[in-house]
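K.L.:
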């Protein structure tokens with residue numbers, strides 16, 4: 016250690032100059048940083064879910080769309096509203112990445128000719144708006160409310176709300192920046208309609224993607240400087256030395272600039288989780304640097320010169336700081352096993368940051384201290400060992416009350432831990448946003464006034480070429496739609512080629528049902544497809560072999576567990592028929608991601624505990640230390656998640672990642688405690704003296720570090736992104752619980768183990 020410190024002091028100017036220089040050079044790469052907020056970032060390339068969804072899109076086209084909704088209290092069947100619909104429909108047709116536009120005005124209305132009842136016409140439902148009389152508008156309204164393909168889909172039951180749908184082409188889903196381009200055009204169209212006086216609500220994939228992106232970028236721009244300011248304030252209150260504030264923050268800034276720059280150079284794009292990486296790195300970097308600077312100040316106050324204080328600091332903290340960085344890295348790296356890509360990327364990148372922060376802490380901070388030679392007033396009241404009275408009273412309190420502390424902890428843990436039995440896992444993409452986010456408001460508005468804002472894409476296999484034209488198949492699909500809508504209130508509407516066949520039969524035979532002739536069904540579909548204008552074809556409703564039929568079910572927003580139940584019901588229903596079914600679409604994709612959320616929470620926690628426990632076993636060479644290591648770090652997670660169970664709060668992705676991160680960061684305090692305690696015992700101190708030694712040299716630093724970390728994470732409760740808000744609240748709470756356990760339960764357990772042995776009498 017002396018040789019290492021000598022080398023640091025010898026090379027201090029090189030280190031202090033080179034570290035910022037390297038950071039600046041690498042930081043230049045951040046100009047190439049890109050943000051990807053698309054749905055694809057949540058899944059690994061080649062994942063079964065993504066492969067299945069891509070196959071669906073190759074067959075039927077993109078299920079994603081941009082949706083414009085507005086409401087007219089007097090009803091939409093007036094010339095002003097209809098002109099707005101018509102203009103927006105025409106604009107969408109001309110928009111890049113949009114394959115087709117559907118609305119009330121261009122709805123393909125099937126009816127008989129007024130002049131010749133034997134002639135079937137298929138034409139735009141609304142034409143020549145300015146020529147329509149009030150009586151004709153009323154008739155249009157009455158006819159629209161009888162159209163199954165319109166009501167609860169394009170228009171509401173009261174004909175006061177309508178939507179215009181722009182269906183995206185497949186290219187939109189895989190092109191970075193497509194959503195931003197679409198939204199730029201849509202906002203321009205909406206701005207031109209400002210004079211209409213309508214309030215327009217926007218939904219669909221591009222809205223979700225840009226909302227993800229804008230909120231993540233807002234969080235980075237807002238919370239990163241806010242956390243730095245909070246950290247600066249707390250560090251100033253702790254150290255009362257501007258040098259301590261600056262050195263600690265420089266380690267943090269250097270770390271996250273280097274890590275983000277390397278991520279950019281390797282081609283990784285920022286997403287909703289990795290955008291928060293600067294805050295995580297601030298938390299990690301501050302913890303290491305604070306411990307180093309705190310012990311340095313204690314040494315200087317005890318009268319040591321600058322060189323000896325640096326040597327003393329590294330001697331006392333080198334191993335502990337290395338182990339805390341290693342275990343923090345393990346905690347984050349355990350997220351790398353997740354199948355949810357943003358979580359995996361965040362885990363691996365932050366694990367690298369933890370180790371880089373350690374290197375910078377033991378190189379840059381001591382080198383800077385060697386140059387600065389900070390003036391510190393010596394405290395003459397310190398005793399020879401430098402142990403304060405508070406630390407001594409703390410040690411005596413623990414030893415005297417160890418049994419009571421353990422019993423009370425056990426009672427609290429049992430009561431709160433029972434909440435784990437009440438937990439449920441739910442992860443709905445809409446609920447990722449707080450209720451005051453415009454997209455969330457839009458979804459609620461659509462659900463309350465028009466239809467279900469989400470959809471299941473149900474693909475039914477008739478088992479043979481041209482099988483979708485079979486009478487038995489069509490009638491089975493029709494029966495399924497009726498039973499599905501009757502069974503689930505969340506299901507608002509279904510649409511498929513069955514509705515078109517029934518409409519034709521109603522027009523020709525005055526009977527809204529499936530005809531009992533395969534040939535007639537084939538004729539209806541052929542006539543309909545030949546009569547449609549270009550771009551309005553029915554190839555998005557069936558495959559080229561006319562074997563697969565696509566049925567779209569409009570659904571209300573539901574918890575993912577409810578989505579899975581509904582989809583299981585669909586699969587069970589079709590299993591009793593000669594046909595098979597597959598449920599596709601983005602709603603189904605995110606519902607099935609629930610399993611990955613649970614797997615991430617459990618697997619990452621188990622991996623973190625196993626690996627870190629093995630590391631501790633190698634260090635302490637004692638099996639009895641393993642429970643002392645595991646209990647204080649797993650218990651905070653159990654308590655926080657137990658509280659969630661009692662409060663009825665579901666586990667989502669934010670909670671899933673918090674487990675491994677809490678473990679990775681909370682371990683730091685346990686390691687500092689155990690390392691200092693072991694050092695004290697090896698130096699000949701008895702139990703009481705050793706506990707007092709730990710409190711004096713690490714207790715205050717542990718408490719203060721936890722306060723800074725909790726402040727860094729708690730700011731996320733103000734995020735509009737619910738995953739961040741949940742994550743921040745849970746992590747901050749768990750860290751506060753963890754430090755209390757480390758300073759009360761952990762020493763109480765040590766006291767129980769050490770007392771009444773041959774070596775120790777208490």
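In this note's numbering, the protein residues as written are 16 to 777.
We put the beta carbon where it would ideally sit given N, CA and C, even for glycine.
This structure is a prediction, so every number in the text was calculated from the model and none was measured.
Just to confirm my understanding: we take residue 387, look at its own chain, exclude 5 residues before and 5 after, and list those with CB closer than 7 Å. What are they?
P.N.:
The residue you call residue 387 lines up with position 372 of the chain shown. Cβ neighbours of residue 387 beyond the five flanking positions: 258.
K.L.:
Determine the direct distance from the alpha carbon of residue 325 to that of residue 191, and round the result to whole angstroms.
P.N.:
As a first step, residue 191 is located in the chain shown; it is residue number 176 there, counting from the start. As a first step, residue 325 is located in the chain shown; it is residue number 310 there, counting from the start. Their backbone Cα atoms lie some 50 Å apart in a straight line.
K.L.:
Is residue 379 helix, strand or coil when you go by DSSP?
P.N.:
Residue 379 sits at position 364 when you count from the first residue of the chain shown. Assignment of residue 379 by DSSP, reduced to helix, strand and coil, places it in the helix class.
K.L.:
Hey, how far is the Cα of residue 337 from the Cα of residue 247?
P.N.:
As a position in the chain shown, residue 337 is number 322, starting the count at 1. As a position in the chain shown, residue 247 is number 232, starting the count at 1. Roughly 24 Å separates the two Cα atoms.
K.L.:
Measure the Cβ-Cβ separation of residue 168 and residue 508 and say whether it is below 8 Å.
P.N.:
Residue mapping note: residue 168 aligns to position 153 of the chain shown, counting from 1. Residue mapping note: residue 508 aligns to position 493 of the chain shown, counting from 1. Yes; because the gap between Cβ atoms is below 8 Å, this pair is in contact.
K.L.:
Below 8 Å, how does it come out for the region 654-662 and the region 305-317: are there three or more Cβ pairs, yes or no?
P.N.:
no
K.L.:
Could you work out which residue in 120, 138, 122 and 119 is closest to residue 128 when comparing CA atoms only?
P.N.:
For this step, residue 128 is matched to residue 113 along the chain shown. Of the candidates 120, 138, 122 and 119, 138 places its Cα closest to the Cα of residue 128.
K.L.:
Does DSSP put residue 19 in a helix, in a strand, or in coil?
P.N.:
Residue 19 sits at position 4 when you count from the first residue of the chain shown. Residue state, collapsed to three classes: helix.
K.L.:
CB residue 31 to CB residue 727, shorter than 8 Å?
P.N.:
In the chain shown, counting from the first residue as 1, residue 31 sits at position 16. In the chain shown, counting from the first residue as 1, residue 727 sits at position 712. Not closer than 8 Å, so no.
K.L.:
Return yes when at least one heavy atom of the ligand MN lies under 7 Å from the C-beta of residue 249, else no.
P.N.:
As presented, the structure is devoid of all ligands, the ligand MN included, so that no description of it is given.
K.L.:
Per DSSP, residue 50 is paired with what?
P.N.:
Start at 1 with the first residue of the chain shown, and residue 50 comes out as number 35. The partner list for residue 50 (beta bridge, DSSP) reads 285.
K.L.:
At which residues does the alpha helix (DSSP H) containing residue 278 begin and terminate?
P.N.:
Counting from one through the chain shown, the residue named residue 278 turns up at place 263. Unbroken alpha helix (DSSP H) run through residue 278: 257-280.
K.L.:
Pop quiz: residue 45 and residue 276 are said to be a contact at Cβ under 8 Å. What is the actual Cβ separation, rounded to whole angstroms?
P.N.:
In the chain shown, the residue the question calls residue 45 occupies position 30. In the chain shown, the residue the question calls residue 276 occupies position 261. 6 Å between Cβ atoms; contact.
K.L.:
Between the C-alpha atoms of residue 438 and residue 289, what's the straight-line distance to the nearest angstrom?
P.N.:
Here residue 438 corresponds to residue number 423 of the chain shown, with the count starting at 1. Here residue 289 corresponds to residue number 274 of the chain shown, with the count starting at 1. For residue 438 and residue 289, the distance between alpha carbons rounds to 27 Å.
K.L.:
Have a look at 202, 532, 268 and 100 and flag the residue whose alpha-carbon is nearest the alpha-carbon of residue 180.
P.N.:
Walking along the chain shown from the start, residue 180 turns up at place 165. With distances taken between Cα atoms, residue 180 lies closest to 100.
K.L.:
CB-CB under 6 Å to residue 466, same chain, minus the five flanking residues each way: which ones, in chain order?
P.N.:
If you number the chain shown from 1, residue 466 lands on position 451. Counting only Cβ-Cβ distances below 6 Å, and skipping sequence neighbours, we find 167, 168, 507, 508 and 569.
K.L.:
Express the C-alpha separation of residue 755 and residue 4 in angstroms, rounding to a whole number.
P.N.:
The requested residue 4 does not occur in the structure, where the chain is confined to residues 16 to 777.
K.L.:
Can you tell which of 582, 553 and 203 has its C-alpha closest to the C-alpha of residue 565?
P.N.:
Position 550 of the chain shown, counted from the first residue, corresponds to residue 565. Looking at the Cα atoms, 553 is the closest of the given residues.
K.L.:
Can you tell me where the beta strand (DSSP E) with residue 599 in it begins and where it stops?
P.N.:
On the chain shown, residue 599 is found 584 positions in, with the first residue counted as 1. Unbroken beta strand (DSSP E) run through residue 599: 595-599.
K.L.:
In angstroms, rounded to a whole number, what distance separates the CA positions of residue 38 and residue 267?
P.N.:
For this step, residue 38 is matched to residue 23 along the chain shown. For this step, residue 267 is matched to residue 252 along the chain shown. In a straight line, the C-alpha of residue 38 is about 11 Å away from that of residue 267.
K.L.:
What residue does the beta strand (DSSP E) around residue 701 start on, and which one ends it?
P.N.:
For the purposes of this step, residue 701 is taken as residue 686 along the chain shown, with counting starting at 1. Segment: none, residue 701 is in no beta strand (DSSP E) and carries neither H nor E.
K.L.:
What is the residue span of the beta strand (DSSP E) that residue 509 lies within?
P.N.:
For the purposes of this step, residue 509 is taken as the residue at position 494 of the chain shown. Unbroken beta strand (DSSP E) run through residue 509: 506-510.
K.L.:
May I have a chain-ordered list of the alpha helix (DSSP H) segments no shorter than 4 residues that lie completely inside the region 34-93?
P.N.:
63-75
K.L.:
Roughly how many angstroms separate the alpha carbons of residue 405 and residue 639, rounded to a whole number?
P.N.:
Start at 1 with the first residue of the chain shown, and residue 405 comes out as number 390. Start at 1 with the first residue of the chain shown, and residue 639 comes out as number 624. Straight-line Cα distance between these residues: approximately 29 Å.
K.L.:
Using the beta-carbon count (16 or more within 10 Å), is residue 746 buried or exposed?
P.N.:
In the chain shown, the residue the question calls residue 746 occupies position 731. It is buried - the Cβ of residue 746 has at least 16 other Cβ atoms within 10 Å.
K.L.:
Between the region 572-592 and the region 471-478, do three or more beta carbon pairs fall short of 8 Å?
P.N.:
yes
K.L.:
Return the chain-ordered ranges of every beta strand (DSSP E) run that is complete within the region 166-204 and spans a minimum of 3 residues.
P.N.:
You should have 176-183.
K.L.:
Using alpha carbons as the reference points, say which of 184, 448, 587 and 623 lies closest to residue 550.
P.N.:
Translated into positions along the chain shown, residue 550 becomes position 535. For residue 550, the nearest C-alpha among the options comes from 184.
K.L.:
Roughly how many angstroms lie between the CA atoms of residue 634 and residue 766, to the nearest whole one?
P.N.:
Taking the first residue of the chain shown as position 1, residue 634 is located at position 619. Taking the first residue of the chain shown as position 1, residue 766 is located at position 751. Each residue's Cα considered, the two are about 21 Å apart.
K.L.:
How about residue 729 and residue 743: are their beta carbons less than 8 Å apart?
P.N.:
Here residue 729 refers to the residue found at position 714 of the chain shown. Here residue 743 refers to the residue found at position 728 of the chain shown. It is a contact, given that the beta carbons lie within the stated cut-off.
K.L.:
Give the DSSP-derived three-state secondary structure of residue 486 in the structure shown.
P.N.:
Residue mapping note: residue 486 aligns to position 471 of the chain shown, counting from 1. Three-state DSSP puts residue 486 in a helix.
K.L.:
Can you tell me whether residue 741 is helix, strand or coil according to DSSP?
P.N.:
Counting from 1 along the chain shown, the entry for residue 741 is found at position 726. Residue 741 falls in the helix class under three-state DSSP.
K.L.:
How big is the Cα-Cα spacing for residue 80 and residue 757?
P.N.:
Locating residue 80 in the chain shown gives position 65, where the first residue counts as 1. Locating residue 757 in the chain shown gives position 742, where the first residue counts as 1. Whole-angstrom Cα-Cα distance: 52 Å.
K.L.:
With a cut-off of 8 Å on the beta carbons, I'd call residue 49 and residue 285 a contact; round off their distance for me.
P.N.:
Here the question's residue 49 lines up with position 34 in the chain shown. Here the question's residue 285 lines up with position 270 in the chain shown. 7 Å between Cβ atoms; contact.
K.L.:
My guess is that residue 511 and residue 556 are in contact by the Cβ rule of under 8 Å, so how many angstroms apart are they, rounded?
P.N.:
Your numbering for residue 511 matches position 496 in the chain shown. Your numbering for residue 556 matches position 541 in the chain shown. Confirmed, Cβ separation roughly 6 Å.
K.L.:
With three or more beta-carbon pairs closer than 8 Å as the criterion, would you say the region 697-712 touches the region 191-204?
P.N.:
no
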